[in-house]
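Comments concern the structure below.
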Amino acid sequence: MQVSSRHHLRSDAIDDLTASLADSLGVDIEGDTFELVELDGTEFDIVLVDGEKLVAYVDDEPFLTVEGANEFPPQRGLVTVDAGAIEFVSNGADVMRPGIVEVDDGITAGDLVAIAEETHGKVLAIGRAQTDSDDMLGDSGKVVSSIHHVGDDLYEFSV
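Residues in the sequence shown are numbered from 1 upward in steps of one, following UniProt numbering.
Take a look at the structure:
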């Protein structure tokens with residue numbers, strides 16, 4: 001991943017970003033500096049908040065990175081997996097119904113979601129819901145496509 005441009009966000013763009021994250025995830029991101037880093041060769045652009053890559057734009061939609069979700073735990077848009085799914089999800093696997101132990105209400109197909117493990121509540125990945133929350137629990141089938149996970153290029157990227 002290569003940086004194509006880097007610039008500080010204007011106050012109105014910061015307000016839009018923080019309002020969007022508050023609305024979708026119930027988190028209040030605070031920081032002194034917000035810097036947009038546009039990347040070549042990836043589907044992401046990232047926002048550095050006080051120098052930390054806490055937010056990513058996925059298809060022009062702001063969402064927390066794995067690091068951001070662990071620093072500012074989402075109150076909504078969370079899918080929780082059991083211990084047996086941790087290794088797979090941490091390596092970028094999509095989330096399957098049998099591994100899910102809890103799902104927040106109100107998730108609709110196409111929403112970005114944070115995927116957390118049940119023991120400590122740490123976020124392992126970010127994904128896109130393939131079905132509504134009321135259809136995520138069950139015995140078989142993929143319900144969340146992984147987009148960003150612990151140890152991937154975005155996670156390891158440093159500016």
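Glycine is no exception: its CB is placed at the ideal position from the N, C-alpha and C atoms.
With a 10 Å radius around its C-beta and 16 neighbouring C-beta atoms as the bar for buried, classify residue i as buried or exposed.
i: Ala-129; result: buried
i: Leu-137; result: exposed
i: Asp-40; result: exposed
i: Val-55; result: buried
i: Asp-139; result: exposed
i: His-7; result: exposed
i: Asp-32; result: exposed
i: Gly-68; result: buried
May I ask you to report which of helix, strand or coil DSSP gives residue i?
i: Thr-42; result: coil
i: residue 238; result: There is simply no residue 238 to check, as the chain begins at 1 and stops at 159 in what is shown.
i: Arg-97; result: helix
i: Leu-137; result: coil
i: Ala-56; result: strand
i: Phe-157; result: coil
i: Ala-129; result: strand
Out of the options, state which residue places its alpha-carbon closest to the alpha-carbon of residue i.
i: Gln-75; options: Val-27, Leu-17 and Ser-133; result: Val-27
i: Thr-65; options: Gly-127, Asp-135, Lys-142 and Glu-117; result: Gly-127
i: Glu-156; options: Ala-13, Glu-52, Gly-141 and Asp-23; result: Glu-52
i: Thr-108; options: Thr-131, Glu-30 and Asn-70; result: Thr-131
i: Val-144; options: Ile-115, Asp-104 and Thr-119; result: Ile-115
i: Glu-118; options: Ser-133, Glu-102 and Gly-106; result: Glu-102
i: Ser-4; options: Glu-38, Gly-110 and Ala-69; result: Glu-38
Check the C-beta distance from residue i over to residue j and give it rounded, since I have them as a contact under 8 Å.
i: Asp-153; j: Met-1; result: 6 Å
i: Gly-121; j: Gly-99; result: With 8 Å as the limit, Gly-121 and Gly-99 do not qualify as a contact, their Cβ atoms being about 16 Å apart.
i: Leu-48; j: Val-159; result: 6 Å
Is the number of C-beta pairs between the segment 76 to 95 and the segment 53 to 60 that are closer than 8 Å three or more? no
Do the segment 89 to 96 and the segment 38 to 49 meet, that is, are 3 or more Cβ pairs less than 8 Å apart? no
Is there contact between the segment 84 to 92 and the segment 12 to 22, where contact requires at least three CB pairs shorter than 8 Å? no
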